[in-house]
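Going down the list, the protein sequences come from chains A and B. Counting in the numbering used here, the first sequence runs from 13 upward without gaps. Counting in the numbering used here, the second sequence runs from 13 upward without gaps. Each residue gets a CB set at the ideal place from its N, CA and C atoms; glycine is no exception. Report on one structure; see the data block that follows.
Protein chains: 2
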Amino acid sequence: MATAGQLLIGEAIRTLDGRFRLSLPLELAGPLVADGARLVLAKERAGCLSLWSAAVWRPRLDAALDVLRSKLQAGLLAQRVGEVQQAGRLLSARHAALSLAGRERLVVPEGFRAFLGVEPGGDVVVVGAAVCVELWHPKAWQEVLTADMPDFRRRLDALTG
Amino acid sequence: MATAGQLLIGEAIRTLDGRFRLSLPLELAGPLVADGARLVLAKERAGCLSLWSAAVWRPRLDAALDVLRSKLQAGLLAQRVGEVQQAGRLLSARHAALSLAGRERLVVPEGFRAFLGVEPGGDVVVVGAAVCVELWHPKAWQEVLTADMPDFRRRLDALTG
DNA sequence: TCCCGCCGTGGGTTCAAACCCCATTGAGCT
DNA sequence: AGCTCAATGGGGTTTGAACCCACGGCGGGA
Numbered sequence: 013m014a015t016a017g018q019l020l021i022g023e024a025i026r027t028l029d030g031r032f033r034l035s036l037p038l039e040l041a042g043p044l045v046a047d048g049a050r051l052v053l054a055k056e057r058a059g060c061l062s063l064w065s066a067a068v069w070r071p072r073l074d075a076a077l078d079v080l081r082s083k084l085q086a087g088l089l090a091q092r093v094g095e096v097q098q099a100g101r102l103l104s105a106r107h108a109a110l111s112l113a114g115r116e117r118l119v120v121p122e123g124f125r126a127f128l129g130v131e132p133g134g135d136v137v138v139v140g141a142a143v144c145v146e147l148w149h150p151k152a153w154q155e156v157l158t159a160d161m162p163d164f165r166r167r168l169d170a171l172t173g
Numbered sequence: 013m014a015t016a017g018q019l020l021i022g023e024a025i026r027t028l029d030g031r032f033r034l035s036l037p038l039e040l041a042g043p044l045v046a047d048g049a050r051l052v053l054a055k056e057r058a059g060c061l062s063l064w065s066a067a068v069w070r071p072r073l074d075a076a077l078d079v080l081r082s083k084l085q086a087g088l089l090a091q092r093v094g095e096v097q098q099a100g101r102l103l104s105a106r107h108a109a110l111s112l113a114g115r116e117r118l119v120v121p122e123g124f125r126a127f128l129g130v131e132p133g134g135d136v137v138v139v140g141a142a143v144c145v146e147l148w149h150p151k152a153w154q155e156v157l158t159a160d161m162p163d164f165r166r167r168l169d170a171l172t173g
């Protein structure tokens, strides 16, 4: 399976330039674009965006959309319009397709800038997260590190044990 | 069934002009007017309006009204006059019929402007919400994204599982 | 120590889409 | 019938994204 053969690992600090461009370190960009240049940027939580190979992201999303579409047509969700509306709202805003320009550089799209919360000229922490690459607001990154690192050994053991 | 065949998905930022006109992106306007040009604008919450195909909105509204009417006639709500009064009041102000002008442009009606909270010249976030199109005040939109996005996967699973 | 190549950053240009202003049209009212 | 107001559609202008190139800093090698 694509990208499964290569874990995305690495950490780097990059600056977001005046036009919201961000260059990825080669060690992360290389494996990411290995299976096709098409990428998907997704909102994870405030202060964190994730970058996926489209080959990984697309099938998962399309499957969910197909199920949702067919259920709607069958009228199965007539009593849950509010939930469908909310899920649809998030589906629209959650991801955007993009590709890397020269120098392994990407442009953070309009709707994702406020969510990331980094102003032009500010720093972004680029982190490999095994299956994707994450872009963190430095402050949010510090908070996650502080909160999660003490349990790291236990989490890893749970996965490898 | 109308509009069920096409999920409304997409996100865009547009500006409200001096006459409270707003142009929709083609990708959202197309599917929305696919089954008839008649639309309904509804108040969702402060900072958010939703735009529905009349073919979808009408049946839902009529159904609710029918239930309310029959319960009233049966005297089932005699002890809850206050609630009925409040519901009736909101039913009156909740929605307005409208249609798109050229260039996929709509006019936000008088009573809806303060509810949306965007002044002329300000930005509006236009979001596809599967069954309707939503118009958001940028600030309210950010708050919803921050609050709801972390639970996205669970919510989607609840609908498609 | 000096040279050279690579990587990260900023800037200029081109091109397309979206926004704003304005002229024209149509309807409604006096 | 004439006037007034509002809506509509066209065109110019501006904004933003994609592409290309230039500078600086760092590291490796000679």
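Which stretch, first to last residue, makes up the alpha helix (DSSP H) that contains E39 (chain B)?
E39 (chain B): member of the alpha helix (DSSP H) spanning L38 to L44, first to last residue.
If the cut is a Cβ gap below 9 Å, which residues of chain B does L80 (chain A) touch?
Simply L19, A142, L168, L171 and T172.
Using a Cβ cut-off of 8 Å (strictly closer), state whether V139 (chain B) contacts chain A.
At a cut-off of 8 Å, the C-beta of V139 (chain B) has a neighbouring C-beta in chain A.
Thinking C-beta only, is D135 (chain A) closer than 8 Å to I25 (chain A)?
Yes.
Residues that D135 (chain A) bridges to, as DSSP identifies them:
Per DSSP, A:T27.
Can you list the residues of chain B that F127 (chain A) reaches, using a CB-CB cut of under 7 Å?
Here the neighbours are L157.
Can you give me the C-alpha to C-alpha distance between L27 (chain B) and P132 (chain A), rounded to a whole angstrom?
One point to set straight first is that residue 27 (chain B) is Thr, not Leu, in the sequence displayed. Counting only the Cα atoms, P132 (chain A) lies some 22 Å from T27 (chain B).
Figure out for me which residue from A:A113, A:L88, A:L61 and A:Q97 has the closest Cα to the Cα of P150 (chain A).
The residue with the shortest Cα to Cα distance from P150 (chain A) is A:L61.
Spell out whether any CB of chain A is found under 8 Å from the CB atom of E146 (chain B).
Yes - at least one Cβ of chain A is within 8 Å of the one on E146 (chain B).
So, with DSSP's three-state summary, where would you put V52 (chain A)?
Three-state DSSP puts V52 (chain A) in a strand.
Hey, A116 (chain B) and L36 (chain B): beta-carbon distance below 8 Å or not?
Note that residue 116 (chain B) is Glu in the sequence shown, not Ala. By the CB criterion at 8 Å, E116 (chain B) and L36 (chain B) fall inside the cutoff.
Between the alpha carbons of L50 (chain B) and A108 (chain A), how many angstroms are there, rounded?
Here the sequence assigns Arg to residue 50 (chain B), which means Leu is not the residue at that position. Whole-angstrom Cα-Cα distance: 30 Å.
Keeping to the same chain, check which residues put their C-beta closer than 8 Å to that of A66 (chain B); ignore five residues upstream and five downstream.
Result list for A66 (chain B): G48, R50, L51, V52 and A109, in chain order.
Compare the Cα-Cα distances from D163 (chain B) to each of A:R70, A:Q98 and A:A113 and report the closest residue.
The residue with the shortest Cα to Cα distance from D163 (chain B) is A:Q98.
Which two residues bound the contiguous alpha helix (DSSP H) that contains R72 (chain A)?
Segment A66 to Q85, the alpha helix (DSSP H) holding R72 (chain A).
With a threshold of 8 Å between beta-carbons, can R106 (chain A) be considered close to chain B, or not?
So yes, R106 (chain A) belongs to the interface.
Is F32 (chain B) closer than 8 Å to R166 (chain B) when the C-beta atoms are compared?
At the C-beta level, R166 (chain B) and F32 (chain B) stay beyond 8 Å of one another.
Using alpha carbons as the reference points, say which of A:V130, A:A46, A:L40 and A:W69 lies closest to G30 (chain A).
Nearest to G30 (chain A) by alpha-carbon distance, out of A:V130, A:A46, A:L40 and A:W69, is A:V130.
Out of curiosity, what's the CA-to-CA distance linking G140 (chain B) and G42 (chain B)?
Each residue's alpha carbon lies about 12 Å from the other.
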